[in-house]
Amino acid sequence: MKTKRLLMIAFAVTITFVQEQMFLILPQVQLTIVLMFVFASILTYKESFMYITVYVILDNLYLGGFNPLNAIPMFIMWNTIPYIYNIVLRRTEDEAKIAKAAFVFGFLYSWSFIPGAILLYGFGNVWQYYILADIPWEIALAVVGYVSVLWAYKPLVNIVKQLDQQTTLSRQKAYE
2 MKTKRLLMIA FAVTITFVQE QMFLILPQVQ LTIVLMFVFA SILTYKESFM YITVYVILDN
62 LYLGGFNPLN AIPMFIMWNT IPYIYNIVLR RTEDEAKIAK AAFVFGFLYS WSFIPGAILL
122 YGFGNVWQYY ILADIPWEIA LAVVGYVSVL WAYKPLVNIV KQLDQQTTLS RQKAYE
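To convert, count from 1 in the sequence shown and add 1; that's our numbering.
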């Protein structure tokens with residue numbers, strides 16, 4: 002892999018991590034979902050896997066501890082975005098389709114933490130302590146993902162693709 006591609010992955014991790022920390026004080030305000038779709042549009046699967054792996058490790062270490070009940074669902078679910086973009090959406094540039102996928106992803110991402118909550122609280126208590134308390138946040142994450150893709154996907158992907166072309170980092174040139 003070329004050094005320029007590694008720099009692009011580092012750029013993606015940095016942008017994603019820093020924006021998440023900037024918006025940490027505001028509940029459910031984030032651009033992580035839209036950024037994952039943006040970077041999935043220019044990175045290969047292998048590069049996306051590296052990007053997401055580093056991001057999840059960094060995010061979990063920075064926010065305190067590396068709890069497998071959180072890290073494993075995060076790792077699995079964030080890695081579904083390149084699959085969703087490339088296979089399910091067939092690399093579409095239609096932000097309405099991507100926004101719908103981001104909306105559904107908000108729920109799937111939230112539900113991926115339920116097995117860990119069952120281990121933590123027990124099956125009988127998970128409804129009381131986790132699921133009922135999490136429903137408003139699931140809805141908020143889905144709506145924020147939907148709106149952020151509608152508003153920010155096109156401008157962000159245009160900026161990143163322009164940078165990609167200027168530095169000859171396009172997917173087609175990744176294997177030269």
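Think of the CB as a built atom: it goes at the ideal place given N, C-alpha and C, for glycine as much as any other residue.
Every value quoted in this text rests on a predicted model; they were computed, and no experiment measured them.
* Asked: Would a C-beta distance cut-off of 7 Å place Leu90 and Lys98 closer than the cut-off?
  -> Result yes, Cβ atoms of Leu90 and Lys98 sit closer than 7 Å.
* Buried or exposed: which applies to Met23, given that a residue is buried once 16 or more other Cβ atoms fall within 10 Å of its Cβ? -> Exposed, since its Cβ has fewer than 16 Cβ neighbours within 10 Å.
* To do: Taking 7 Å as the cut-off, decide whether the C-beta atoms of Tyr56 and Thr17 are in contact.
  => Contact flag set, yes.
* To do: Mind listing, in chain order, the continuous alpha helix (DSSP H) runs of no fewer than 4 residues lying wholly within the stretch 8-62?
  => For the stretch 8-62, whole alpha helix (DSSP H) runs of length 4 or above, ordered along the chain, are 33-41.
* Could you give the distance in angstroms between the alpha-carbon of Trp79 and the alpha-carbon of Tyr110? -> Distance between the alpha carbons of Trp79 and Tyr110: 8 Å.
* **Nearest to Met75 (by Cα), restricted to the options Lys162, Gly146, Phe114** => For the residues Lys162, Gly146, Phe114, the minimum Cα distance to Met75 belongs to Phe114.
* Which term fits Leu70, buried or exposed, when burial requires 16 or more other beta carbons within 10 angstroms of its beta carbon? -> The residue in question, Leu70, is exposed, as its Cβ has fewer than 16 Cβ neighbours within 10 Å.
* To do: Would you be able to state if there are at least three C-beta pairs under 8 Å between the stretch 159-167 and the stretch 121-138?
  => Of all C-beta pairs linking the stretch 121-138 to the stretch 159-167, fewer than three are shorter than 8 Å, placing the two stretches out of contact.
* To do: State the DSSP-derived secondary structure class of Glu96, mapped to helix, strand or coil.
  => Helix, per DSSP.
* If you measure from the CB of Asn87, is any heavy atom of the ligand NAD nearer than 6 Å? -> What this structure holds is no ligand at all, so the ligand NAD is not there to describe.
* To do: Determine the DSSP secondary structure at Lys162, reduced to helix, strand or coil.
  => If DSSP states are grouped into helix, strand and coil, Lys162 belongs with the helices.
* To do: Apply the 10 Å Cβ neighbour rule to Ala103 and answer buried if 16 or more other Cβ atoms are within range, or exposed otherwise.
  => Result: buried.
* **Supposed contact pair Trp138 and Gln29 - C-beta distance, whole angstroms, cut 8 Å** => Yes, they are in contact, since the Cβ atoms of Gln29 and Trp138 sit about 7 Å apart, within 8 Å.
* Asked: DSSP on Ser113, reduced to helix/strand/coil?
  -> Note: Ser113 maps to coil in three-state DSSP.
* **Within 7 Å, strictly: CB atoms of Leu32 and Ser149** => Yes, Cβ-Cβ distance for Leu32 and Ser149 is below 7 Å.
* By Cβ distance, which residues of its chain are closer than 7 Å to Pro83, with the 5 residues on each side in sequence left out? -> Closer than 7 Å at the Cβ level, and outside the excluded window around Pro83, lie Ala41, Tyr46, Ser49.
* **Span of the alpha helix (DSSP H) around Gly123** => Run containing Gly123: none; DSSP gives neither H nor E here.
* Near Ala141, what residues of its chain come up, given a Cβ to Cβ distance below 7 Å and the 5 sequence neighbours on each side ignored? -> For Ala141, same chain residues with a beta-carbon under 7 Å away, outside a window of 5 residues either side, are Gln29 in chain order.
* Exposure of Ile88, with buried meaning 16 or more beta-carbon neighbours within 10 Å -> Within 10 angstroms of the beta-carbon of Ile88 lie fewer than 16 other beta-carbons, which makes it exposed.
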